[in-house]
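Just below is one structure, and these are the notes that go with it.
Number of protein chains: 2
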Amino acid sequence: MAGSDLYVGTLDVLILKAVSWGPVHGYGIGRWIRQTTDDVLDIQEGALYPALHRLQRKGWLEEEWGLTENGREAKYYKLTPVGRRRLRAEIVRWHSYSRAVHAALEATPAHS
Amino acid sequence: MAGSDLYVGTLDVLILKAVSWGPVHGYGIGRWIRQTTDDVLDIQEGALYPALHRLQRKGWLEEEWGLTENGREAKYYKLTPVGRRRLRAEIVRWHSYSRAVHAALEATPAHS
DNA sequence: TATGATACCTCAGTGAGCTAGGTATGGCAA
DNA sequence: TTGCCATACCTAGCTCACTGAGGTATCATA
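If you're matching them up, the sequences are chains A and B in order.
When you number the first sequence by the numbering used here, it's gap-free, plus one each residue, and the end is 159.
When you number the second sequence by the numbering used here, it's gap-free, plus one each residue, and the end is 159.
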């Protein structure tokens, strides 16, 4: 798997968004991110699973074992209420940040 | 100074952009980033100066001592040709990445 | 039968950024 | 003249997210 070369810190909001419509298992979260970003972001499993545990430890995700469509055991994650608030905050943060970077990258010659 | 809570990896492109019109000293680079982003990004000096040394070590920046408008000694940084190519690549990377994240954050319920 | 996809995991190492210090100069206000 | 803020540079220790590389196990399919 090719590395996705993440900007460190952006993975959390992607994971939280991935589970915002209901429980999804880890492997499915990785697939969802890859698919909705047209293969631009391909999260390494060595980044994904520790991140899930981290978000769970912080109280933003809850786990629950279940069965996939094809009858496999899988650990489903869902948002806690705190996690949902966090998702909203992280989306705001991302938008503010990306607007700021865009402004810098599209700036014309310095005025000082 | 309030931390800007950078997405790790985004500082390089900001620095390269800051010096893309001519030599700027470190302190001025920090100020430029803060100003062009309306105070959204406020780079810590403990992040800025090591980053400048790193980019110089990689051959993307060159240093040169000079005098500021107010007669102070300051270390001016300017882009090398390699640094300019790198700037273009990093801008492409940022746009691709931010488009991908936007796509994910604005996605509607999963289709699987 | 073996290969790839699914589904999970850990661990060592890297390295960027944060926190918190430090030096020195110049200008300005109390 | 004293003290403080802005300018201008720096380092060191720490944290911790991610990379890269490994591992287990099941199931479908070629």
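By construction, the Cβ of each residue, glycine as well, lies at the ideal position given by its N, Cα and C atoms.
Straight-line gap, residue i to residue j (C-alpha atoms, nearest Å)
i             : j             : result
residue 50/B  : residue 63/A  : At residue 50/B, the pLDDT of 46 sits below 50, so the modelled position is not reliable and the matter cannot be decided from this model.
residue 155/B : residue 116/B : 53 Å
residue 80/A  : residue 60/A  : 11 Å
residue 149/A : residue 109/B : 25 Å
residue 128/B : residue 140/A : 34 Å
residue 75/A  : residue 131/B : 39 Å
residue 104/B : residue 114/A : 52 Å
residue 138/B : residue 146/A : 14 Å
residue 85/B  : residue 70/B  : 22 Å
C-beta atoms of residue i and residue j nearer than 7 Å
i            : j             : result
residue 72/B : residue 144/B : no
residue 54/B : residue 77/A  : no
residue 87/A : residue 125/A : no
residue 98/A : residue 134/A : no
Delimiting residues of the beta strand (DSSP E) encompassing residue i
i             : result
residue 153/A : Neither: residue 153/A is in no beta strand (DSSP E) and is coded neither H nor E.
Segment limits, alpha helix (DSSP H) that includes residue i
i            : result
residue 68/A : Run containing residue 68/A: none; DSSP gives neither H nor E here.
residue 96/A : 92-104
CB-CB length for residue i against residue j, believed under 8 Å
i             : j             : result
residue 136/A : residue 83/B  : Not a contact, Cβ separation roughly 24 Å.
residue 112/A : residue 120/A : 6 Å
In DSSP terms, what residue i is bridged to
i             : result
residue 121/B : 113/B
residue 139/A : Beta-bridge pairing links residue 139/A to no other residue.
residue 55/B  : 55/A
residue 126/A : 108/A
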